[in-house]
Amino acid sequence: MCGNEAMAEAAIQAGLDAYFGYPITPQNEVTAYMSQRMPEEKRVFVQSESELAAINMVFGAAATGKRTMTSSSSPGISLMQEGISYLAAAELPCVIVNVMRGGPGLGNIAPSQGDYFQSVKGGGHGDYHCIVFGPSSVQEFADIMPLAFDLADKYRTPAIILADGIIGQMMEPVVIPTNSKLTTQNLKLPKKDWALTGADGRKQNIVRSLWLGDGVVEQHNYDLQAKYRQIEKNEIRCEQSDVDDADIVIVAYGICARIARRAAQQAREQGIKVGCIRPITLWPFPSESISKAADKSPIFLVVEMSCGQMVEDVRLAVAGKSPVVFWGRPGGGIVTVEKVLEKIEQLIKKAKK
Amino acid sequence: MQTVFKRTPTLKDCPTHYCPGCGHGIAHRLVCEVIDELGIQSRTIGIAPVGCAVLAYDYFDVDMVEVAHGRAPAVATGMKRTNPDKIVFSYQGDGDLAAIGTAEIIHAAHRAEQLTVVFINNAVFGMTGGQMAPTTMLGQITATTQQGRQADGQGYPLNVSELLAVLPGAIYVERCGLCSPAHIRKAKAALKHAFELQINNAKGLSLVELLSPCPTYWRMTPPDSMLHIQNEMTKVFPFGRIKG
Ligand SMILES: Cc1ncc(C[n+]2csc(CCOP(=O)(O)OP(=O)(O)O)c2C)c(N)n1
Ligand code: SF4
Ligand SMILES: [Mg+2]
Numbered sequence: 153m154c155g156n157e158a159m160a161e162a163a164i165q166a167g168l169d170a171y172f173g174y175p176i177t178p179q180n181e182v183t184a185y186m187s188q189r190m191p192e193e194k195r196v197f198v199q200s201e202s203e204l205a206a207i208n209m210v211f212g213a214a215a216t217g218k219r220t221m222t223s224s225s226s227p228g229i230s231l232m233q234e235g236i237s238y239l240a241a242a243e244l245p246c247v248i249v250n251v252m253r254g255g256p257g258l259g260n261i262a263p264s265q266g267d268y269f270q271s272v273k274g275g276g277h278g279d280y281h282c283i284v285f286g287p288s289s290v291q292e293f294a295d296i297m298p299l300a301f302d303l304a305d306k307y308r309t310p311a312i313i314l315a316d317g318i319i320g321q322m323m324e325p326v327v328i329p330t331n332s333k334l335t336t337q338n339l340k341l342p343k344k345d346w347a348l349t350g351a352d353g354r355k356q357n358i359v360r361s362l363w364l365g366d367g368v369v370e371q372h373n374y375d376l377q378a379k380y381r382q383i384e385k386n387e388i389r390c391e392q393s394d395v396d397d398a399d400i401v402i403v404a405y406g407i408c409a410r411i412a413r414r415a416a417q418q419a420r421e422q423g424i425k426v427g428c429i430r431p432i433t434l435w436p437f438p439s440e441s442i443s444k445a446a447d448k449s450p451i452f453l454v455v456e457m458s459c460g461q462m463v464e465d466v467r468l469a470v471a472g473k474s475p476v477v478f479w480g481r482p483g484g485g486i487v488t489v490e491k492v493l494e495k496i497e498q499l500i501k502k503a504k505k
Numbered sequence: 003m004q005t006v007f008k009r010t011p012t013l014k015d016c017p018t019h020y021c022p023g024c025g026h027g028i029a030h031r032l033v034c035e036v037i038d039e040l041g042i043q044s045r046t047i048g049i050a051p052v053g054c055a056v057l058a059y060d061y062f063d064v065d066m067v068e069v070a071h072g073r074a075p076a077v078a079t080g081m082k083r084t085n086p087d088k089i090v091f092s093y094q095g096d097g098d099l100a101a102i103g104t105a106e107i108i109h110a111a112h113r114a115e116q117l118t119v120v121f122i123n124n125a126v127f128g129m130t131g132g133q134m135a136p137t138t139m140l141g142q143i144t145a146t147t148q149q150g151r152q153a154d155g156q157g158y159p160l161n162v163s164e165l166l167a168v169l170p171g172a173i174y175v176e177r178c179g180l181c182s183p184a185h186i187r188k189a190k191a192a193l194k195h196a197f198e199l200q201i202n203n204a205k206g207l208s209l210v211e212l213l214s215p216c217p218t219y220w221r222m223t224p225p226d227s228m229l230h231i232q233n234e235m236t237k238v239f240p241f242g243r244i245k246g
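Protein sequence lines correspond, in order, to chains A and B. Every number in the working numbering is 152 more than the matching position in the first sequence, counting from 1. Every number in the working numbering is 2 more than the matching position in the second sequence, counting from 1.
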């Protein structure tokens with residue numbers, strides 16, 4: 153199975169009630185797969201007329217308390233930003249998958265990580281965050297789906313899966329997580345008593361984002377921020393390897409993290425001590441792990457398939473304690489193990505001088 | 003003493019924020035009466051637009067959602083597809099439905115979504131201060147057509163209902179006016195039919211366009227606004243069943 157299909161099946165197994173989407177490369181496998189599988193499961197599939205419509209269909213299904221998602225790639229995700237801002241404001245749970253491609257503009261259909269800023273810094277208007285995951289394998293792309301749905305429900309927030317064209321298209325052996333308890337064993341999900349199900353014998357429910365009263369939106373923002381602090385406290389996920397004795401710590405997510413890991417292993421074989429930090433959640437960001445690693449003053453090397461976006465968050469976390477160097481390629485340029493290794497060797501040479 | 007008129011239960015007991023003579027209040031009452039007469043209050047979900055009626059949930063005592071400008075038909079699609087047993091309606095102005103949300107309404111009809119749409123055509127953007135809408139009449143003075151709308155450069159009034167009626171997925175389209183007691187009774191009958199179709203699981207979208215007075219931005223008295231609908235607007239937007 154390719155990553156896109158594995159993710160789609162995992163979403164179905166996680167109890168997805170409705171999928172809405174508009175085709176775009178490199179995630180067309182998702183729409184095709186869903187069009188087949190969702191009706192088989194007697195669930196909802198709609199091919200929308202645009203991404204604008206898709207995200208608003210998600211808004212509608214989410215408002216009635218259903219598990220719902222959409223998927224797209226960069227240009228389509230840009231169109232969804234209006235809807236994502238409204239979803240965050242109205243506190244509606246849903247999952248949005250972005251299989252990133254080269255940009256800006258129509259760019260190309262090659263893998264990229266150019267939408268980091270858009271995903272973790274807001275994207276739409278207003279002060280909000282979505283939970284953002286950066287899977288680095290087909291297996292993880294699938295495993296994250298039940299978790300993403302559960303956390304979206306738990307915190308009443310949209311969750312974004314920030315994958316890239318390689319993760320989406322790559323074929324790897326994968327075990328579909330068939331029971332969402334796998335990843336969220338102790339999670340007791342709150343009842344959706346806010347959902348629009350018809351005011352049958354109860355007070356009317358209203359899902360809204362407009363508040364005209366004096367100071368009400370200000371307070372709503374403080375409430376949202378309090379929720380975001382909770383998410384930061386509870387939901388940071390990150391993987392570290394060989395960081396303790398490292399002279400160089402590579403920070404990378406998604407497919408770049410796998411490439412970086414291999415480069416780090418090869419460097420160790422040459423006697424260069426390299427460790428890796430791989431954020432699994434991009435928001436909330438594992439700032440503390442990075443800050444801790446920075447106490448030992450290694451050189452941080454941030455590798456991304458972009459002109460350097462996550463590197464800004466690494467710099468904030470490092471807070472001047474260590475040098476932070478960026479290397480990456482934008483617009484569909486693929487990062488290779490050889491190139492990362494070369495960069496590592498350069499850094500070590502320079503440091504020894 | 004005999005009660006000859008009383009508030010229908012789904013219409014909440016509260017003061018209105020609409021301008022004197024505004025059609026929104028009448029349309030709200032009609033929709034609520036229809037909901038109560040059909041006994042569907044407990045399974046109806048309403049969608050409020052962006053426009054003067056954005057706070058419609060302050061008046062309608064049903065579960066309601068407020069959505070982004072123009073996106074109501076897409077939101078409604080997401081709701082109805084996942085909740086086929088619910089009655090889903092959107093309430094939209096002419097800026098909402100005929101300008102920014104044109105794609106969403108056309109495609110909801112094109113997919114034959116089982117929805118009921120209440121379309122309030124007051125020929126202006128009321129909420130933002132009376133600017134030109136696609137439905138603005140030629141010669142009509144608005145905040146953005148201060149010499150009156152000219153076809154050359156500003157186009158002609160857009161007949162969305164007629165456009166929608168050509169789609170097989172639109173099964174019922176009717177235009178009525180909130181401009182006299184007789185017309186208002188007709189409007190109510192049309193609304194009732196549009197809801198009944200959804201209740202009876204008819205396969206497609208039904209839409210009722212209501213020509214609705216906006217005395218404030220038409221710069222007219224409420225009675226003159228009603229006459230304006232009957233004498234002027236109907237020349238471009240004729241009353242009657244367009245389809246179904
Ligand atoms: C994306 C977006 N663009 C513009 C606006 C500003 N806006 C609010 S209401 C409105 C027009 C409403 O006109 P209409 O739908 O005819 O409703 P009415 O007030 O006349 O009932 C506009 C342009 C907005 N809220 N959102
Ligand atoms: S501006 Fe026009 S549409 Fe809006 S409330 Fe006043 S009369 Fe009604
Ligand atoms: Mg209007």
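The beta-carbon is built from N, C-alpha and C at its ideal position, and this holds for glycine as well.
- Per DSSP, B:Arg113 is not a residue of any beta strand (DSSP E), being assigned neither H nor E.
- In the DSSP assignment, B:Lys245 forms a beta bridge with B:Val175.
- Contact annotation for B:Asp65 against chain A: Leu348, Thr349, Gly350, Ala351, Gln356, Asn357, Ile358 [CB-CB distance below 8 Å, chain order].
- Within the segment 414 to 496 of chain A, the beta strand (DSSP E) runs of at least 3 residues that lie entirely inside it are, in chain order, 426 to 431, 433 to 435, 451 to 456, 476 to 480.
- With contacts defined by Cβ atoms closer than 9 Å, B:Gln4 and B:Ile89 do not form a contacting pair.
- With a contact defined as Cβ atoms closer than 8 Å, B:Gly132 and B:Cys54 miss out at about 11 Å.
- DSSP places A:Glu234 within a helical segment (H, G or I) once states are collapsed to three.
- Residue pairing from DSSP places A:Asp316 in a beta bridge opposite A:Met252.
- In this chain, the alpha helix (DSSP H) harbouring B:Cys34 covers 25 to 40.
- Under the Cβ criterion of 9 Å, B:Tyr59 is counted among the residues facing chain A.
- With fewer than 16 neighbouring CB atoms inside 10 Å of its own CB, A:Asp447 falls in the exposed class.
- Taking the Cβ of B:Gly23 as the reference point, at least one heavy atom of ligand 2 falls within a distance shorter than 8 Å.
- In the displayed model, A:Asn373 falls within a helix according to three-state DSSP.
- In this structure, the C-beta of A:Ile429 stays at least 8 Å away from each heavy atom of ligand 3.
- The closest CA to that of A:Val198, considering only A:Glu292, A:Pro227, A:Gly173, is found on A:Gly173.
- Among the bridge pairs identified by DSSP, A:Ile500 is matched with none.
- In the structure shown, the three-state DSSP call for B:Val69 is coil.
- The shortest C-alpha to C-alpha distance from A:Ile424 to any of A:Lys495, A:Gly320, A:Ala170, A:Ile318 is the one to A:Lys495.
- Only residues of its own chain outside the window of five on either side were considered, and among them Gly27 have a CB closer than 6 Å to the CB of B:Thr18, listed in chain order.
- In the displayed model, B:Asn85 falls within coil according to three-state DSSP, outside both helix and strand.
- If you check the C-beta of B:Ala135 against ligand 1, you find a heavy atom less than 8 Å away.
- Taking the CA atoms as reference points, A:His277 sits about 17 Å from B:Glu68.
- Not a single heavy atom of ligand 1 lies less than 8 Å from the C-beta of B:Asn161.
- Counting along the chain, no beta strand (DSSP E) covers A:Thr183; the unbroken alpha helix (DSSP H) around it starts and ends at 180 to 192.
- The C-beta of B:Val36 comes no closer than 9 Å to any C-beta of chain A.
- Per the coordinates, the alpha-carbon of B:Gly246 lies some 18 Å from the alpha-carbon of B:Phe239.
- Under the 10 Å beta carbon count, B:Tyr59 is surrounded by 16 or more other beta carbons and is classified as buried.
- Excluding residues up to 5 positions away in sequence, Ser439 lie with their Cβ nearer than 8 Å to the Cβ of A:Leu468 in the same chain.
- As DSSP reads the structure, B:Gln133 sits in a beta bridge with B:Phe127.
- In this structure, A:Phe452 sits near A:Val477, with a CB-CB distance shorter than 9 Å.
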